Every structure is written in C-alpha cells, then in structure tokens.
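For reference, the structure discussed in these notes is given below.
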Amino acid sequence: MNKDKRNPFKGLFRHVKSFAWLSDYTKPFSSSILLLLVLNIIISITGVASSVASKYVVDSVSSSGRMLTSILFMVAFTGIAIAANFVFSLLSTVVNEKFASHIRLKLFDQILRTEWMEISKYHSGDVLTRLKSDVNIVAGGISELIPQIAFLTVQLVISFFALYYYDPMLAVFAVILGPMTVLVSWSIRRKLKQIQTNVQEAESRYSTFLQECLENILIIKSFVAEDDSAEKFTELLNERIFWIKKKNRLTAIAGAIISVFFSLGYLVAFIWGAYKISIGLITFGTMTIFLSLASRIQGPIYSLARTIPQLSTIEASADRINELRKLPVESQDSEAPLADIVDVGIEFQNVAFGYTEDVVLDKINLKITPGDFVAVVGVSGVGKTTLVRLIMSLIQPNDGSVDFLMNDSFTLSAQRAVRSIIAYVPQGNTLFSGTIDENLKMGNPTATIEDMHAALSSAAAEFVFALPDGLDTVIGERGHRLSEGQAQRIAIARAIIRHSPLLILDEATSSLDLETEYKILRELRKLEYHPTCIIVTHRKSILTICNRQILIEQGAIAEKSLIEIAP
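See the structure below:
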C-alpha cells in the first residue's frame, strides 16, 4: 500500500514541501501578489453585490419601487468589477513575467556556481527546458493561481451566506455537492503529476535533440543523415504529443465528471426556485438571485476542484527546478591575497582521481615551479585534461592535494578563487556569438584597444586588423564566419589579454600549422608578465620551445617524465 494512502498528513506535508523553497523567491513580489489578492476579493464582492441588486431590479418591475436606485447600484458594482478586472489583467501579466525572470535569474546564477562535475551530468537542452518551460509553469502558477484561489474562496463564502439568507436548504445543498467535485480532482492528482513529469521530460528530450542537430548540422549533412534526423525528431515530437494527449484526456474526464455535479447543482436551484414561485413563496427577483448565487457557489467549487490538477502540474515542474537547486555549489573561497600574485607554481602531492571506480591518475607527485614552460604529453585518454581540471579546481582529488605556490611565500589549496589567476584556452572552438571585441573582453573587461591589439599580435591574429569592421566584426555561434585556426588564435588572445600568472593551453593550437604554432609559443615566452605556462599537446614539435616535459602513462608520471629541455 502506498505510504501516502496510509498517512495522508505525511503525503500532504510532502506536497507542501515541494513548494517550500519558493518562499524566498516570492518575497520580492509579496506586495504585488497581495494587491492581486485584494483585486480579486473586490471582484468577488462586487459580483455577489451585483447579483443581489439584480433581485431588486427584477422585483421592482412588478412593483413601483426602487428600480432606478437598484439599476444604478447594479451598474456601479459592474463598473467596479470591470475596472478591477482591467487592473488585475495588467498587473498579473507584469508580475508573472517579472516573477518568472526572477526565478530564472536566481536559478541561472546557482547553475553557474554549481560544481562542474554535477552540472555536467545534465544535458544543456534539459537544463534549458527547466529554465524556460518549467519556470514559466511555476511562475504562472504562483502569480495567477494563488490570487485565483483567494478569489474563488471569497466568492464561495460570500455567495453561500447570501444564499443562506434567502434559502438555507438550497445553500446547504449547493455546498454538499462540493466535496464530491474535490474528491474527483484529488483522486487524479498523483497520476496527473507523473504524467506532467513525463510531458516535461519528453520536452527536454526533443529540445535536446533539436539543439544538437542545429549545432552539428554540418555533421548531419556530411553523413547525408537528414532523413534519419527528421525521423528521429518526429518520434520525439510524437512522444511529447502522446503524453500531452494522455494528460488532456485525464483532465477532460475529470472535468466532465465535475461538470455533471456543477450542472446538477444549477438544475436543483432552478427546479427549487420554480417550485417556490408556483406556490407563491418567492418572487421572480428571488428566483433570479437563487440562480445567480447558486452559480456563484457551484462555480468556485468547480474551479477550485480544477485547481488541484493545476497544482499537480506546478508541483511536477517545481520538483524539476528544485532538482537543479539541490545540486552542490562550489564552496565559498576564503579570502586570499590573489590580486598581486605574479609568480605561480603548482605542487601535486599523492594525488589520485577517477571519474568512476577506474583510476585516471594514481598517486602522482609533481612540482611545477614559477616561470616553467611545461609540455604535458601522453596518448589520448591518459589523463592530460584531467590534470588541467584538477589545477583549475573544476574537480577535486579523491586523495592527496593540489597546492599553489605563490610569490615564494603563500600557499593556497586548489579552489574556485584560483581561477582568477588562471588564463585557460580549451580544446575546440569556444568563441561566443557577438563581436571580436566582446570575446576578447571576456578575458579582461577593462582591456583597452591597445591591449587587444597587443594580445592579437602575440596570438598571430593580425588578420583581425584587416577585417572591414576590425574588432567590431560580428561572428556567429561557435565562431561562424571564421576558420578553426582563426577562432583558436582569437581564443589564445583572449587568454593573453587576461595577464594571468598561470596560462593553460589544452590542445589550443591543434588547428594551426606548425609555423604559426611555433610563432605563437615564441611570443608567449616573450610576454612581459612571464606566466607559468602549461601546454597539453600531442605534437612533439612543441617540446623544442618548452623547458620541461611531463609524460603521463597509465595513470602515473613516469620516472623519466621530468626532462630538462633547452629553452
């Protein structure tokens, strides 16, 4: 038996807990949400007041009474409701958008600070779906559903007491049907939440595939895989449609059952009112208010019952967002005097690491002194990039420590702050869409034109000066409009302009010819700030410009791995 069925309070607590994390996110919008609540309460009160006024309008037709006054009251209440609805519509749209943006910004900031190993387990397409679709569902639910629930509750209470004043039996009967509609909605909530989770997961899968196809359209064309890709995309879209149809079918069935109870309540009010008119117990005006108030009782009950499936949908998306929120973030670094660091060395002491149970690096010891120009070599998959990630504190050793020797007097264990003194050039094309200027300033936001020209010259990227728009040349996604070699040279310039005491090039010259590669490395050795340089490479030609070579074999540094080479 399901634990929630045995203990409903435990199940209810779990559902409340799903939304608890949103409390901090809603605080900046509490006043706006409160205003939406007040507007909905005004709409509820004026709606009931208008129904009461309609009774006197109808009754005054058959008796020379206060017809004009009643009409004026009815018009006034209707006007107030229209004005409140207008303000509510304007405000709710703004609050919804701002609230969604606020959640998205907070979540994006947390993702940026999440441990690299943890966030890299998620496909970027899945993360995008959670940031966009799931956030929209949750934000819309909070900014719209809560005021709606308040509106329906107030309308239900006021309408009940108003109808009770005129006919207690009818009011009680109208409310008795309410729990049955709620029971129908409650019975499908768990199933609906699971289906909604499947909908969002299917959304993530097709978004992920679409993103990868667009990023790798050259590969698709190269292998003439257009038809296969289109077929796979169709399958993913059909999977999403399948779950959406299943969700809609379930909600439609529940809605139909709820509608039966709603119609039954209205029918009873109509028959009861007609009977009382026939025996002369009520007026036509009272009959009007019977029907109006019965609808205003049944309507909120019907709508409140329908909010339960909506809450299940919101809960499913909230859980998906909260899954990202729970990922461990990088620890806050203790303050360290990094601003004035000019000389950096690195020391590995008995460092062991493996992504799984298989060890990639096993008890390695290594010391790189400030100013070293080091080539890290070894066959593919031996652990060269892993070594770099350990230095950059993107991953942490399973055993041992990585320490930084700074200015011959300060030692700091590898942590996030260390990246502020590292300039990194990874493998492949890592440029952003935008101008060349913007890409260079990612390395140093305060860089001057002179700084950029000097960095481009050191990276053998003088071709930028010959472009019609120079530094303002707009490049597309992943450096579109540039060759791989040009993109790599701009990426190297982006690292040079950072003026960091530690420079890491991870296969950063793989797309360059030997002459250009040699020219860039010679320029790096001439840099005024003399960085410690680590170059991950497969090319033996680089060894002629390095003063040390580190050879990684079978998870260890070979005994002859430290070789002094003439500069």
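Take the sequence shown: its letters are residues -4 to 562, numbered as in the numbering used here. Glycine residues also receive a C-beta, built at the ideal position from the N, C-alpha and C atoms. No experiment lies behind these values; they were computed from the predicted model shown.
Residue from the options with nearest C-alpha to residue i
i: Gln305; options: Gly250, Ala71, Lys321; result: Gly250
i: His525; options: Leu85, Glu510, Asp338; result: Asp338
i: Asp162; options: Leu477, Phe265, Ile386; result: Phe265
i: Ile141; options: Val90, Ser115, Arg125; result: Val90
i: Ile137; options: Ile75, Tyr20, Ser49, Ile529; result: Tyr20
i: Thr351; options: Thr381, Gly373, Leu187; result: Thr381
i: Ser202; options: Val133, Ile183, Ser119; result: Ser119
i: Glu113; options: Glu325, Asp446, Asp335, Asn345; result: Glu325
i: Glu433; options: Gly465, Ala418, Val413, Ala454; result: Gly465
i: Gly340; options: Pro365, Asn317, Leu356; result: Pro365
i: Phe237; options: Val194, Asp335, Ile272; result: Val194
i: Ile144; options: Tyr159, Gln206, Asp121, Asn35; result: Asn35
i: Phe83; options: Leu30, Val70, Gln105; result: Leu30
i: Pro496; options: Ala442, Tyr419, Arg473, Ile37; result: Tyr419
Residue range of the alpha helix (DSSP H) that includes residue i
i: Ile113; result: Contrary to the premise, residue 113 reads as Glu rather than Ile in this sequence. 111 to 114 is the extent of the alpha helix (DSSP H) around Glu113.
i: Val346; result: Not the alpha helix (DSSP H): Val346 falls in the beta strand (DSSP E), residues 339 to 348.
i: Thr21; result: 17 to 21
i: Leu382; result: 379 to 386
i: Leu516; result: 509 to 520
Residue i - DSSP class collapsed to helix/strand/coil
i: Tyr117; result: coil
i: Ala561; result: Reliability of the predicted coordinates at Ala561 is poor, the pLDDT of 42 falling under 50, and no value is obtained from them.
i: Glu548; result: strand
i: Val354; result: coil
i: Asn393; result: coil
i: Asp104; result: helix
i: Ser529; result: Residue 529 is actually Ile in this sequence, not Ser. DSSP places Ile529 in strand when its eight states are reduced to three.
i: Phe399; result: strand
i: Val70; result: helix
i: Asp566; result: Outside the modelled stretch of the chain, which goes from -4 to 562, sits residue 566, for which no answer is possible.
i: Lys362; result: strand
i: Phe8; result: Low confidence applies to Phe8: its pLDDT is 47, below 50, so where it sits in the model is not reliable enough to give any reading.
i: Leu322; result: coil
i: Asn542; result: coil
i: Ala501; result: The displayed chain sequence assigns Asp, not Ala, to residue 501. DSSP places Asp501 in strand when its eight states are reduced to three.
i: Asp314; result: helix
i: Gly42; result: helix
i: Leu276; result: coil
i: Phe218; result: coil
i: Tyr270; result: helix
i: Pro496; result: coil
i: Asp335; result: coil
i: Gly250; result: helix
i: Asn211; result: coil
i: Ser87; result: helix
i: Ser506; result: coil
i: Asp162; result: coil
i: Glu523; result: coil
Where the beta strand (DSSP E) through residue i begins and ends
i: Lys535; result: Run containing Lys535: none; DSSP gives neither H nor E here.
i: Ile571; result: Lying before the first or after the last residue shown, residue 571 is absent from the chain, which here runs from -4 to 562.
i: Phe368; result: 368 to 372
i: Ile137; result: Ile137 -> no beta strand (DSSP E), and no H or E assigned at all.
Contact test: residue i Cβ vs the ligand NAP heavy atom, cutoff 8 Å
i: Phe348; result: Only the bare structure without any ligand can be found here, which leaves the ligand NAP out of the picture.
Those runs of the beta strand (DSSP E) which lie wholly inside the stretch 409 to 494 and span at least 3 residues: Counting only runs of 3 or more, we get 417 to 420.
Cβ contact check for the stretch 535 to 550 and the stretch 477 to 490: 3 or more pairs under 8 Å: Because the criterion of three Cβ pairs below 8 Å is not met, the stretch 535 to 550 and the stretch 477 to 490 do not touch.
Three or more C-beta pairs below 8 Å linking the stretch 368 to 377 and the stretch 342 to 350: With a cut-off of 8 Å, the stretch 342 to 350 and the stretch 368 to 377 do not count as touching, because too few Cβ pairs lie within range.
Three-pair Cβ contact test at 8 Å for the stretch 207 to 220 versus the stretch 237 to 245: As far as the Cβ criterion goes, the stretch 207 to 220 does not touch the stretch 237 to 245, which means the pair count is below three.
Touching by the beta-carbon criterion (3+ pairs, under 8 Å), the stretch 217 to 237 and the stretch 181 to 192: Judged by Cβ distances under 8 Å, the stretch 217 to 237 makes no contact with the stretch 181 to 192, as fewer than three pairs qualify.
Three-pair Cβ contact test at 8 Å for the stretch 119 to 136 versus the stretch 88 to 103: The stretch 119 to 136, when compared against the stretch 88 to 103, does touch it at the 8 Å Cβ threshold.
Inter-stretch contact (C-beta, 8 Å, three-pair minimum) for the stretch 444 to 455 and the stretch 485 to 492: Short answer: they touch.
Inter-stretch contact at 8 Å, needing at least 3 Cβ pairs: the stretch 458 to 473 / the stretch 506 to 522: The answer is no - the stretch 506 to 522 does not touch the stretch 458 to 473, with fewer than three Cβ pairs under 8 Å.
Any 3 or more C-beta pairs closer than 8 Å across the stretch 382 to 390 and the stretch 307 to 317: Between the stretch 382 to 390 and the stretch 307 to 317 there are fewer than three C-beta pairs closer than 8 Å, too few to call the two in contact.
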